[in-house]
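>
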Amino acid sequence: MGTAGRAFPRTYCQSLQAVAFFSVSVTIQRSERLPWTVLSVGGELDVVGAPDLRQAVVKEVADGARGLLIDLSELDFVDSFGMGAIVGALKRLRQRGGELALVCPSRRIRRVFELCDLDRIIAFHDSIDSAAGSEPAPSAPVTP
């Protein structure tokens with residue numbers, strides 16, 4: 000029997016290429032709102048966009064950021080890769096005596112973090128203005 004009409008499973012790389020082709024790109028804008036460095040994230044924070052956030056966080060921490068505020072106000076979607084990038088940012092900052100907070104006015108997006116109990120270890124704010132009034136308080140390192 001020939002291979003005509005047979006469906007072959009996609010390899011992992013082919014699946015990632017398909018996701019990359021169809022995925023809405025993530026946007027990341029940097030600003031300052033002392034004492035915070037703000038990274039505003041829009042679009043989809045998924046397998047394709049998470050590395051961009053990770054790279055932006057690494058740069059900010061290397062440049063000396065101690066308080067990082069990730070603004071998710073314009074975020075449409077987050078998956079486990081995006082959440083992993085945020086947890087990685089938290090760990091990286093806390094290892095250096097810094098702190099991470101999130102601006103997340105969307106109840107739908109915030110619920111994803113609550114289901115994973117991340118709202119217990121990351122401060123959430125409804126707006127940049129409410130977050131800007133708080134000081135980044137250094138915390139103990141996060142353990143996996």
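Its first residue numbered 0, the sequence shown is counted upward by one per residue in numbering that gives the first Met the number 0.
All C-beta atoms in this analysis are idealised placements derived from N, C-alpha and C, irrespective of residue type, glycine included.
These numbers come from a predicted model, not from an experiment.
1. Since ARG32 contacts VAL60 with CB under 8 Å, what's their CB separation in whole angstroms?
2. Judging by CA-CA distance, which residue of ASP62, GLY66, LEU44, LEU38 is the nearest neighbour of GLY97?
3. Counting along the chain, where does the beta strand (DSSP E) carrying LEU67 start and finish?
4. If we ignore side chains and look at the alpha-carbon of each, how far apart do THR36 and LEU101 end up?
5. If you reduce the DSSP assignment to three classes, tell me which class GLY42 lands in.
6. Pick from VAL111, ALA122, ARG29, ASP125: whose alpha carbon is nearest that of SER79?
The answer reads as follows:
1. Between VAL60 and ARG32 the Cβ distance is about 17 Å, and since that is not below 8 Å, they are no contact.
2. GLY66
3. 66-77
4. 12 Å
5. strand
6. VAL111
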